[in-house]
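Q:
Structure follows, in structure tokens:
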């Protein structure tokens, strides 16, 4: 059997957003559902670690997010960040749509992340 080898679309989508499992269906599938917003604890952990190590600016400079202030009474430094990854490839190297990532940052390094894989 030849296993396809292709460069990942983006580390953030292939390692932290959706996880492939060979135990689902006859040929494997992703554990998280497509075409719906999901809370992504693994994405939130990844982004929190990035912020703790390199600062909030790394969301924009290293990961391509667009961020804007989201100040609320108890969190003057909160941010709302988003990113769209076009042409996401699946586990078999086939193009499978676009991924949308929303991250709510603050206070401090707290992160809530949501993803939507439009297939």
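Numbering (my numbering), first residue to last: 18 to 136.
The beta-carbon is built from N, C-alpha and C at its ideal position, and this holds for glycine as well.
If you're wondering where the values come from, they're calculated on a predicted model, not measured in any experiment.
#1: Report the residue ranges of all alpha helix (DSSP H) runs contained in full by the stretch 51-90; include only those spanning at least 4 residues, in chain order.
#2: For the beta strand (DSSP E) containing residue 105, name the first residue and the last one.
#3: Hey, residue 92 and residue 123: beta-carbon distance below 8 angstroms or not?
#4: Could you check the C-alpha separation between residue 65 and residue 111 for me, to the nearest Å?
#5: Name the DSSP bridge partner or partners of residue 135?
#6: I'd like to check one pair, residue 131 with residue 56: are the Cβ atoms closer than 8 angstroms?
#7: By the 10 Å Cβ neighbour count, where 16 or more other Cβ atoms means buried, how is residue 30 classified, buried or exposed?
#8: Once DSSP output is grouped into helix, strand and coil, what is the label at residue 96?
#9: Taking 7 angstroms as the limit between beta carbons, can you name the residues of its chain near residue 136, skipping five residues before and five after?
#10: Residue 101: buried (16+ other C-beta within 10 angstroms of its C-beta) or exposed?
#11: Could you say which of 76, 68, 60 and 88 lies nearest to residue 126 if we only look at CA atoms?
#12: Just to confirm my understanding: we take residue 129, look at its own chain, exclude 5 residues before and 5 after, and list those with CB closer than 8 angstroms. What are they?
A: The short version:
#1: Unbroken alpha helix (DSSP H) runs of no fewer than 4 residues, entirely contained in the stretch 51-90, are found at 58-71 and 74-78, following chain order.
#2: Element bounds for residue 105: n/a, residue is neither H nor E.
#3: In contact: residue 92 and residue 123 (Cβ atoms closer than 8 angstroms).
#4: Here the alpha carbons of residue 111 and residue 65 stand approximately 30 angstroms from one another.
#5: Paired residue(s): 115.
#6: It is a contact, given that the beta carbons lie within the stated cut-off.
#7: Residue 30 is buried by the Cβ-count criterion.
#8: If DSSP states are grouped into helix, strand and coil, residue 96 belongs with the strands.
#9: Correct list, in chain order: 51, 52, 113 and 114.
#10: Its Cβ having fewer than 16 others within 10 Å, residue 101 is exposed.
#11: Of the candidates 76, 68, 60 and 88, the residue whose Cα lies closest to the Cα of residue 126 is 68.
#12: Contacts found: 56, 61, 120 and 121.
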